Structures are given as structure tokens and as C-alpha cells.
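Residue numbers for the sequence shown follow the working numbering, beginning at 161 and rising by one. We put the CB at the ideal spot given by N, CA and C, even for glycine. This one's a predicted model, so the numbers in the text were calculated from it and none came from an experiment. Notes follow the structure.
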Amino acid sequence: MNSIAKISIVFALLTSARLCAQEQLSIIPKPLALEQKQGTFVFTEKTVIQVDGSQPELRALGELLLQGLFERTGIRASLSSPHAERAETAIRLQLTADTLGDEGYRLFIDNDNITVRAEKTNGLFYAIQSIYQLLPVGQTANQAVLIPAVEIVDKPRFGWRGLMLDVGRYFYSVDYIKKYIDYLAMHKMNVFHWHLVEDHGWRIEIKKYPRLTDVSAWRPSTNFQRGPYINHHPHGGFYTHEDVKEVVAYAQERYVTVIPEIELPGHVLSALVAYPELSCTGGPFEIPEQWAIQKDIYCAGKEEVFVFLEGVLAEVAELFPSQIIHIGGDEAPKDRWKACPHCQQRIKDEGLKDEHELQSYFITRIEKFLNSKGKRIIGWDEILEGGLAPNAAVMSWRGTKGGIEAARMHHPVVMTPTTHMYLDYFQGEPYLEPNAIGGHLPLRKVYSFEPIPEELEGKEREFILGVQGNVWGEYIHSPDKADYMTYPRGAAVAEIGWSSPENKNWEDFIRRMETQYVRYERAGINYAKSAYQVYFEVEDNVASNTSTVTLKTDSYRPLIHYTTDGTEPSANSPRYEGPFEVAEYTTVRAATFRDGQRISPVSIRSMVHFEQVD
Numbered sequence: 161m162n163s164i165a166k167i168s169i170v171f172a173l174l175t176s177a178r179l180c181a182q183e184q185l186s187i188i189p190k191p192l193a194l195e196q197k198q199g200t201f202v203f204t205e206k207t208v209i210q211v212d213g214s215q216p217e218l219r220a221l222g223e224l225l226l227q228g229l230f231e232r233t234g235i236r237a238s239l240s241s242p243h244a245e246r247a248e249t250a251i252r253l254q255l256t257a258d259t260l261g262d263e264g265y266r267l268f269i270d271n272d273n274i275t276v277r278a279e280k281t282n283g284l285f286y287a288i289q290s291i292y293q294l295l296p297v298g299q300t301a302n303q304a305v306l307i308p309a310v311e312i313v314d315k316p317r318f319g320w321r322g323l324m325l326d327v328g329r330y331f332y333s334v335d336y337i338k339k340y341i342d343y344l345a346m347h348k349m350n351v352f353h354w355h356l357v358e359d360h361g362w363r364i365e366i367k368k369y370p371r372l373t374d375v376s377a378w379r380p381s382t383n384f385q386r387g388p389y390i391n392h393h394p395h396g397g398f399y400t401h402e403d404v405k406e407v408v409a410y411a412q413e414r415y416v417t418v419i420p421e422i423e424l425p426g427h428v429l430s431a432l433v434a435y436p437e438l439s440c441t442g443g444p445f446e447i448p449e450q451w452a453i454q455k456d457i458y459c460a461g462k463e464e465v466f467v468f469l470e471g472v473l474a475e476v477a478e479l480f481p482s483q484i485i486h487i488g489g490d491e492a493p494k495d496r497w498k499a500c501p502h503c504q505q506r507i508k509d510e511g512l513k514d515e516h517e518l519q520s521y522f523i524t525r526i527e528k529f530l531n532s533k534g535k536r537i538i539g540w541d542e543i544l545e546g547g548l549a550p551n552a553a554v555m556s557w558r559g560t561k562g563g564i565e566a567a568r569m570h571h572p573v574v575m576t577p578t579t580h581m582y583l584d585y586f587q588g589e590p591y592l593e594p595n596a597i598g599g600h601l602p603l604r605k606v607y608s609f610e611p612i613p614e615e616l617e618g619k620e621r622e623f624i625l626g627v628q629g630n631v632w633g634e635y636i637h638s639p640d641k642a643d644y645m646t647y648p649r650g651a652a653v654a655e656i657g658w659s660s661p662e663n664k665n666w667e668d669f670i671r672r673m674e675t676q677y678v679r680y681e682r683a684g685i686n687y688a689k690s691a692y693q694v695y696f697e698v699e700d701n702v703a704s705n706t707s708t709v710t711l712k713t714d715s716y717r718p719l720i721h722y723t724t725d726g727t728e729p730s731a732n733s734p735r736y737e738g739p740f741e742v743a744e745y746t747t748v749r750a751a752t753f754r755d756g757q758r759i760s761p762v763s764i765r766s767m768v769h770f771e772q773v774d
């Protein structure tokens, strides 16, 4: 091919890119400021990634970008120093003083260069995620890779942007944990909360107490769905010290902090099975086969319990470099403590009022030990009951009330209320979804959450560290289902944590998610397509025995077809154009279509009016 032909092809590609680039731009979470420029950067095998090789972190980021671009485009560029001979096109990663904080970055793209500047390597890493999202989706081999010219100035709103995965109820392999961290990092989230201890399984090796993995990590059966439905196959597993080190190192390379959770004083029946002397009654115990809150918890009156926990937490503190360790503190029934002479004697000796203050004593004592190891604690909002430990942070899950209370006391808070952040809830109509623990949390509701309550004023607002989505494992028994429950709602959590409130826009978010879904498919993420399900808003007119029906989805500009004659909707059925009226006893069926094919299950709603009885 001669040079004129090559120029013509490139010119055509650039013109096409300029015409459609604005519609294609899809960065999640949404940057603080993004301005599209004239021009297009053409990424080729002659492109050079320039980093200062004398700085190990910079070189590691350069290699990460090199590999990431190859995986996404099939084009292998090269790495060089900033002082090398000038390349045709270059991607430059530069550390420089800035005002955007540890995680902020500036990204400049023109025809010849991509320049990334940040004060810390954290910011450079997040800029790299934005570069990946500027790549064309659906790229095929031997195509020119065109990246639109933009200028981005970006930084996160909150410092804590996380997801929790419960491995206590269902054990996930190290390979999947790494993938979960990859997915988290691609959304610019920076905290992986690893829920390692539950009544139904202890998942971390503690060398001082080997029965925790010999006995406590295994159970004979599992409650797979609501009711007395038990799968009688043994389940278990645990992470060795080497596994933990591998996961932590992997996460650090992606600027993700791993926060371990070691539950106490409740949710610990697995530990009591192995060491029944740590309970109030002495046992014996069995790991339960059904999900429920257990009454047997650590005895707060026995000194050997604190000896045990200090031994456990000393190893945990050594394994995890994170400054914070999660100690649970939730759902600890006080029944056993009320009847236990050891606990009642502790209440008397310490001058405590009741069992709630006994829990506060328990948590405060654990906090003091972890403080001596250079760690701080965070716990679920029950740790407020009876008095909050002096240096504790609070994870507010029972709504936002606990978070408000803690922030007013000037304690750090992570907002994770069940109403908006519990990703084990149904995300579509329950009759169209796989089994879940309950609740209804569609994508739109997650996205609507505002982490800083209106009740907080002035300095109190500064104690909201950020947000976190939680994936509890009662009815999530495979990596595929964990993906399904996490995404796309995890993307909404990410944008809440990163983007400024004035930058959030639901319609723009679901537009960008259409491209994100393609990225999920290419990454092998088994994301939920529940956003395409049709849901009904119905206004009844009892006087005329009619209903006005509005059809909606959580997707962008959906093509909806519906029927009212009892047949299944098809691409030939009436197209939804706006609210319509039907008579009483009419059943409406609706689904979302693309390219003539149905892409959602059929949603069904029957219109029945009930007379009001005085």
C-alpha cells in the first residue's frame, strides 16, 4: 500500500472518530472535568510508553499499561525512558507536584502524545483506567486503534470506595479473589473488604490455633435457598498465610487496600465448634446448616477468650498491611451473656450497666490491643451500643442513623446502608431473578444514594469516609453469581464514591453503562442484565375501571414491545411510545428488544382494582 493510500485511510478513520467520539466517550466513574479536543491519538506498535525506569513503581505501572493495552487491542507497544529518541507517538507517565491529592490525575491526549501527570502513582493508575475506557470497544485485529483527544482533570470525592465479599458462607478461590480485585480496580475503587469469619466457616489460617482450619473451615451441608432446602454436600476451604500474602500483594499492585474482617463477639460459632471452652456454655457445638443468627458467641467473662483473640489478631495484623482491621460487632445476641455467671461477674467487676456496655467493654479491649499493633478498628454500627470505643470507625449498615451518630461524635464513618448498598438483594423483579436473600435494590436505587446525610453540618460532614457495597454470601454459591450480584450495581457504587454530586446524572450514567456492558463481556464478567427488565408504573382510575400504564427500564433509550392480548411480546408487537390506558383485568406483557431480538425476560402485570372499604 502506497503512502497516499495510507494517509487516506488514516484521514477517513480520524474523521469518523471525530464525528462519533462524543457519543462513544464512556468513562465510569464520571471524571471531575472532561473536555473533548480536536484530534485523535493513533495507537500502533510504534507507540512508546515512556517512564522513568529508575523508579520501580513507575516502571511497574508502565509494564501494567503495556500489558493492558496489548490485552485490549492486540497491539504490543514498547517501554522506554523519557530521554530516549523521540517516538512517532508516546504515552508518558509523569509524577509531578499537584493539588489533586494522592489519587487525582491530569490526562492530556492529542494527535501525538498521551501525557499523564499525578502527584502519586495512585493517580497514574486511575488515569490508566481512564485510558482503557477511551479505547474503542469491539476492536478487531489489524484495525487502527483510535483514542479521542481529551483533557481530563480528575480526583475522587471520597477516600473509601469499596466492595465487601463474604467468603465465610461460601469459599472462593484465590484466583477468583484476584479477579474480584481486578474488577474493583477497573472501577477506580480502592478497598476490598474481605469477610473472613462467619458462623458457617472460618476462612483464614491461624498457625497458633490450627483447629480453626482443621475443623472450623468445613461444614457438611449448605442452605442453598430459602426454607428447608439443604444441599448435603460438604463445603469448605481456607486461605493460608501464603494465600493472604499473594492476595494482598496483588491488590497493592492495583492500589487496592485489603481490609480483613475477623468477626467478634458474634457470628463465631465456627470458632466455638473447634474451641468450645471460649463460649459461655462449653458446648458442644456444630456448624449450622441453615442461615440464621446464632445465640452462642464468645464469652465476655473469660480471660482465655481475650488470650485467644489476641493470638488470632496478632497474626492477622502481621499479614495485612492495612491500617484498619474490621472486627464485626454486629448481630451478637446477649442471651448467653445474661445467663452466664462469668459475664455477669465481669459486668459487676467493671462497673458496667448491662450487656450492651459489656459489648462496648469487649470491643474497647480489642481496640486497645490492635492499637498497640499500630492498627485501628472499624465495626458495624452495633458497636455504638453501650458506648463507642475511643478510636473506632463505624460502618453504618442499619440505615444511616448509626453513621450520623458516629460522625457527630467525630468518628470516621463508611456508609453502607441496606437500603442502597446491599448487593445480595434482588436487582430486578424477584420472579425474574435467581434466588436472593430478599429486598429489592435495582440499579437506579443504588445510583440515587447520597453518602453525606443532610442532618450533618459543618465539620461533621468531613467524617464520612466514603461508601461500600456489600455482597453477602447466603445464596451466592458460585463466582458467576457473585459477578451477577455485584455488577452493574458495583459501577453505581463506584460513581457514588468517586464523582461529585453535581457531576452525577442518571441518564448519562445508563448511557455510559451501555459501553461498560461490552467491556464486561470482553473481561468475562457475568454481569446481570436486569437493567433491561421492564418494570411497571401503574395509575388506577377506579371510577372508570381503567389503568394508565408506564413502562420503564434501567437501561438507556430502551426499545420496548408489549402486548395486552395474552400473547408473548415480539419485535412485531406494539412498540411502547409512552403511557397507555387499559381496562381492568387486562394483563400487560412487556420486554426489551435489540436488533429484532428480545434481550430481557418478559415482565407481566395484571390490572386488578380493589374497591376501597371505609
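Cα separation between residue i and residue j?
i	j	result
K561	V297	43 Å
L625	Q385	35 Å
T147	G650	Lying outside 161 to 774, the shown extent of the chain, residue 147 is not represented and no answer is given.
L295	L306	7 Å
T576	F331	23 Å
E831	T281	Residue 831 lies beyond the residue range present for the chain, which begins at 161 and ends at 774; the question has no answer from this structure.
E421	I507	27 Å
I487	F201	49 Å
N796	V433	What is shown of the chain runs 161 to 774, which leaves residue 796 out entirely.
L194	A287	12 Å
W557	E542	9 Å
T451	R329	Sequence check: residue 451 is Trp here, not Thr. Looking at the two C-alpha atoms, the distance is approximately 9 Å.
V129	L255	Residue coverage of the chain in this structure runs from 161 to 774, which leaves residue 129 outside it and unanswerable.
R371	T207	55 Å
A652	Q628	11 Å
D633	E565	Sequence inspection shows Gly at residue 633; the Asp mentioned does not correspond to that position. Straight-line Cα distance between these residues: approximately 29 Å.
Y692	A743	26 Å
Q182	N391	In this predicted model, Q182 has a pLDDT of only 42, less than 50, meaning its place in the structure is not dependable enough to derive any value.
E517	Y336	40 Å
Y521	P572	20 Å
G387	S381	14 Å
T646	L583	6 Å
F696	R765	7 Å
Taking all protein chains shown into account, decide if residue i is buried (16 or more other Cβ within 10 angstroms of its Cβ) or exposed.
i	result
P648	buried
I720	buried
D755	exposed
S733	buried
E655	buried
D725	exposed
F623	buried
N383	buried
Y745	exposed
F230	exposed
V709	buried
Please state whether DSSP places residue i in a helix, a strand or coil.
i	result
M555	strand
S290	helix
Y796	Nothing about residue 796 can be read from this structure; the chain reaches only from 161 to 774.
F466	helix
F384	strand
G199	strand
T175	For T175, the pLDDT reaches just 40, beneath the cut-off of 50, and the residue's location in the model is therefore unreliable, although a value from the coordinates is still provided. Of the three classes helix, strand and coil, the one that applies to T175 here is helix, per DSSP.
I364	strand
W451	coil
I337	helix
I487	strand
V678	helix
F268	strand
E279	coil
E358	strand
L295	coil
I want to know whether the region 615 to 629 touches the region 667 to 680 - three or more CB-CB distances under 8 Å. no
Using 8 Å as the Cβ pair cut-off and three pairs as the minimum, do the region 345 to 357 and the region 313 to 323 touch? yes
3-residue-minimum beta strand (DSSP E) runs that sit fully inside the region 589 to 655, ordered along the chain: 624 to 631
Three or more beta-carbon pairs under 8 Å between the region 308 to 317 and the region 258 to 270, yes or no? yes
Flag this pair as touching only if the region 473 to 489 and the region 443 to 457 have three or more C-beta atom pairs under 8 Å; answer yes or no. The answer is no - the region 443 to 457 does not touch the region 473 to 489, with fewer than three Cβ pairs under 8 Å.
Entirely within the region 300 to 327 and at least 3 residues each: give me those beta strand (DSSP E) ranges in chain order. 305 to 314, 320 to 326
Runs of alpha helix (DSSP H) lying entirely within the region 497 to 577, each at least 4 residues, in chain order: 501 to 509, 515 to 532, 561 to 568
Could I get the ranges of all uninterrupted alpha helix (DSSP H) runs contained in the region 392 to 432, with 4 residues as the minimum, in chain order? Counting only runs that start and end inside the region 392 to 432, the alpha helix (DSSP H) elements of at least 4 residues fall at 401 to 413.
Complete runs of the beta strand (DSSP E) confined to the region 682 to 752 [at least 3 residues]: 695 to 701, 706 to 712, 719 to 723, 740 to 743
Quick test of the definition: if touching needs 3 or more C-beta pairs under 8 Å, does the region 586 to 594 touch the region 688 to 703? yes
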